[in-house]
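Novice:
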Amino acid sequence: MSLMIFLLIAAGSLGAIYLIIRLVRAVRVYLTFRGNRLVSCPENHRPAAVRVAAGKAALRAVAGKEQLRLSSCSRWAERQACGQPCLAQIEEAPKACLVWTIINRWYQGERCAYCRKLFGEIHWHDHPPALLNRECKTIEWNQIAPENLQEALGTHRPVCWSCHMAETFRREHPEKFVDRPSTPLRMSLYH
Ligand SMILES: [Zn+2]
Numbered sequence: 000m001s002l003m004i005f006l007l008i009a010a011g012s013l014g015a016i017y018l019i020i021r022l023v024r025a026v027r028v029y030l031t032f033r034g035n036r037l038v039s040c041p042e043n044h045r046p047a048a049v050r051v052a053a054g055k056a057a058l059r060a061v062a063g064k065e066q067l068r069l070s071s072c073s074r075w076a077e078r079q080a081c082g083q084p085c086l087a088q089i090e091e092a093p094k095a096c097l098v099w100t101i102i103n104r105w106y107q108g109e110r111c112a113y114c115r116k117l118f119g120e121i122h123w124h125d126h127p128p129a130l131l132n133r134e135c136k137t138i139e140w141n142q143i144a145p146e147n148l149q150e151a152l153g154t155h156r157p158v159c160w161s162c163h164m165a166e167t168f169r170r171e172h173p174e175k176f177v178d179r180p181s182t183p184l185r186m187s188l189y190h
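Position 103 of the sequence shown, counting from 1, maps to 102 under numbering that gives the first Met the number 0, and the rest follow consecutively.
This is the structure we're talking about:
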């Protein structure tokens with residue numbers, strides 16, 4: 000009888016350990032594959048903005064099955080029947096194609112187009128940096144659709160948060176700024 004109880008406890012413990020391992024794996028799958036990503040669409044070799052169905056992938060991982068599917072793609076409106084071959088790129092380098100990784104990398108070693116300050120570690124929760132578009136207007140990242148991101152990285156210039164704030168204020172309140180003639184002191188401030 001006592002052997003039976005022992006076996007039951009042992010089996011229960013093994014089951015619990017197996018479940019914990021699967022849950023840890025599921026959390027890891029979710030954290031790895033959530034977020035917006037940029038891939039090269041294998042069909043037209045152009046950038047496409049995609050999201051992996053990370054929640055569903057995590058649930059499958061609990062059941063012991065590991066298969067990724069997309070939950071959205073910027074090309075689905077024009078191309079519905081897609082076998083999602085781009086998933087191979089995501090599985091191979093899940094972090095490298097994350098939009099935030101790509102943007103962070105873009106700032107490294109660059110200087111602000113206005114004040115020339117070198118970008119270091121980016122603090123997205125406060126003072127997020129911005130961009131200068133081809134019309135010489137500063138804009139924020141959320142104004143760029145993910146599928147246009149790759150193009151923007153080639154045509155826009157990096158701008159620090161302080162300069163973006165100053166330029167936005169200048170644009171919205173032009174009456175508060177008057178063009179005064181240059182003086183040696185003012186010129187020395189800029190050079
Ligand atoms: Zn600046």
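Yeah, the Cβ is synthetic: ideal placement off N, Cα and C, and Gly gets one too.
Bear in mind that the values here come from a model prediction, so they are computed numbers and not experimental data.
Decide yes or no for the touch test of the stretch 114-129 against the stretch 37-51: beta carbon pairs closer than 8 angstroms, at least 3 of them.
Specialist: Verdict: no, contact absent.
Novice: Using CA atoms only, rank isn't needed, just tell me which of N147, R110 and R156 is closest to N132.
Specialist: Stepping through the sequence shown from its first residue, residue 132 is reached at position 133. Among N147, R110 and R156, the Cα nearest to that of N132 is on R156.
Novice: Based on Cα-Cα distance, which residue from P145, L58 and A76 lies nearest to R68?
Specialist: What you label residue 68 is simply residue 69 of the sequence shown in a count that begins at 1. With distances taken between Cα atoms, R68 lies closest to L58.
Novice: So does V49 have its beta carbon nearer than 7 angstroms to some heavy atom of ligand 1?
Specialist: In the sequence shown, the residue the question calls residue 49 occupies position 50. Outside the cutoff, so no.
Novice: I'd like to know whether the C-beta atoms of W140 and I101 end up nearer to each other than 8 angstroms.
Specialist: Within the sequence shown, residue 140 is the residue found at index 141, counting from 1. Within the sequence shown, residue 101 is the residue found at index 102, counting from 1. Taking 8 angstroms as the Cβ cut-off, W140 and I101 do not qualify as a contacting pair.
Novice: If I'm right that A60 touches V98 with Cβ under 8 angstroms, what's the distance once you round it to whole angstroms?
Specialist: Numbered from 1 along the sequence shown, position 61 holds the residue referred to as residue 60. Numbered from 1 along the sequence shown, position 99 holds the residue referred to as residue 98. Not confirmed; about 23 angstroms, so no contact.
Novice: Buried or exposed, going by whether 16 or more other CB atoms sit within 10 Å of the CB of I89?
Specialist: Taking the first residue of the sequence shown as position 1, residue 89 is located at position 90. So I89 ends up on the buried side.
Novice: Rounded to the nearest angstrom, what separates L130 and A87 at their Cα positions?
Specialist: Taking the first residue of the sequence shown as 1, we reach residue 130 at position 131. Taking the first residue of the sequence shown as 1, we reach residue 87 at position 88. Rounded to whole angstroms, L130 to A87 spans 31 angstroms at the Cα level.
Novice: Just to confirm my understanding: we take H126, look at its own chain, exclude 5 residues before and 5 after, and list those with CB closer than 7 angstroms. What are they?
Specialist: Here residue 126 corresponds to residue number 127 of the sequence shown, with the count starting at 1. If we look at H126 and ignore the five residues flanking it on each side, its Cβ neighbours are W160.
Novice: When the Cα atoms are used, what is the spatial distance from M164 to Q149?
Specialist: For this step, residue 164 is matched to residue 165 along the sequence shown. For this step, residue 149 is matched to residue 150 along the sequence shown. If I take the Cα positions, the gap works out to 24 angstroms.
Novice: State the Cα-Cα distance for the pair P93 and S70, rounded to the nearest angstrom.
Specialist: Residue mapping note: residue 93 aligns to position 94 of the sequence shown, counting from 1. Residue mapping note: residue 70 aligns to position 71 of the sequence shown, counting from 1. P93 and S70: Cα-Cα distance of roughly 15 angstroms.
Novice: If you drop the 5 nearest sequence neighbours on each side, which residues of the same chain put their C-beta closer than 6 angstroms to that of A9?
Specialist: Numbered from 1 along the sequence shown, position 10 holds the residue referred to as residue 9. Contacts found: none.
Novice: Considering only DSSP beta bridges, list what C72 is partnered with.
Specialist: By one-based count along the sequence shown, residue 72 stands at place 73. Looking at the DSSP assignment, C72 forms a beta bridge with V49.
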